[in-house]
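Undergrad:
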Amino acid sequence: MNICLDSWAVIEWLEDRPSAALVEKAIASRPVISLVNVCEVLYIISKRHGEKASNQVLPALRQKLRFVEVDQDLAVSAAKIKATYKMALGDAFCVATALAHNAKIYTGDSEIIRAEGNWKVQDLR
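Just so you know, we're using the UniProt record's numbering here: the sequence shown kicks off at 1 and counts up by one.
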């Protein structure tokens, strides 16, 4: 099965937090990630560590992950997920990306984990 990383998982990996080893193992299979979630990662890294750190992270992410661009189908799917499950927009794009790629979501984000949708989740908490 394919893997889709949520921004939560990528931040865990980049900041060498408790779930970093699990994410590192998943990265070996070159998982997918929505560009919306890449945006979230870059914003969080910039906020916590500065713009220089954010600029350094992008090439590593591009090399290790498969970026999924937002097209009309993905946007419509994310909108339906957001409306149905009342989750943040970034989370809805993560779920929509996972469903489009038949992928298990790696995350510790409670909104995605608790939603009880028709997607598979690896809880990294």
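The C-beta atom is built at its ideal place from N, Cα and C for all residues, glycine as well. It should be emphasised that the depicted structure is a prediction, and the values quoted were computed from it without experimental measurement.
With three or more beta-carbon pairs closer than 8 Å as the criterion, would you say the segment 71-78 touches the segment 95-104?
TA: Segments in contact, yes.
Undergrad: To which residues of the same chain is Arg30 closer than 6 Å at the C-beta, ignoring the five residues directly before and after it?
TA: Mapped onto the sequence shown, residue 30 falls at position 30. Hits under 6 Å: Arg66.
Undergrad: Taking all protein chains shown into account, decide if Tyr106 is buried (16 or more other Cβ within 10 angstroms of its Cβ) or exposed.
TA: Taking the sequence shown and counting its residues from 1, the one referred to as residue 106 is at position 106. Flag for Tyr106 reads buried.
Undergrad: If you count every other CB in all the chains shown that lies within 10 Å of the CB of Leu89, and 16 or more means buried, which is it?
TA: The residue labelled residue 89 in the question sits at position 89 within the sequence shown. Exposed: under 16 other Cβ atoms inside 10 Å.
Undergrad: Determine whether the Cβ of Leu65 lies closer than 8 Å to any Cβ atom of chain D.
TA: Given the protein chain composition of this structure (a single chain), no chain D is represented.
Undergrad: What does DSSP give as the partner residues of Asn2 in its beta bridges?
TA: What you label residue 2 is simply residue 2 of the sequence shown in a count that begins at 1. DSSP, once it has assigned bridges, lists Ala103 as partnering Asn2.
Undergrad: Quick test of the definition: if touching needs 3 or more C-beta pairs under 8 Å, does the segment 50-62 touch the segment 18-32?
TA: Short answer: they don't touch.
Undergrad: With a floor of 3 residues, list each beta strand (DSSP E) that falls wholly inside the UniProt domain "PIN" (3-116), ordered by position along the chain.
TA: Runs of the beta strand (DSSP E) inside the UniProt domain "PIN" (3-116): 32-34, 66-68 and 103-107.
Undergrad: Do Ala26 and Ile11 have their beta-carbon atoms positioned less than 8 Å apart in this structure?
TA: Reading the sequence shown from its first residue, position 11 is the one you call residue 11. Reading the sequence shown from its first residue, position 26 is the one you call residue 26. No, Cβ-Cβ distance for Ile11 and Ala26 is not below 8 Å.
Undergrad: Hey, out of Lys64, Arg114, Asp16 and Val70, whose CA is closest to Tyr85's CA?
TA: Reading the sequence shown from its first residue, position 85 is the one you call residue 85. Nearest of Lys64, Arg114, Asp16 and Val70 to Tyr85, Cα basis: Arg114.
Undergrad: Distance, Cα to Cα, Leu61 vs Glu111?
TA: Along the sequence shown, one-based indexing puts residue 61 at 61. Along the sequence shown, one-based indexing puts residue 111 at 111. So the alpha carbons of these two residues sit roughly 24 Å apart.
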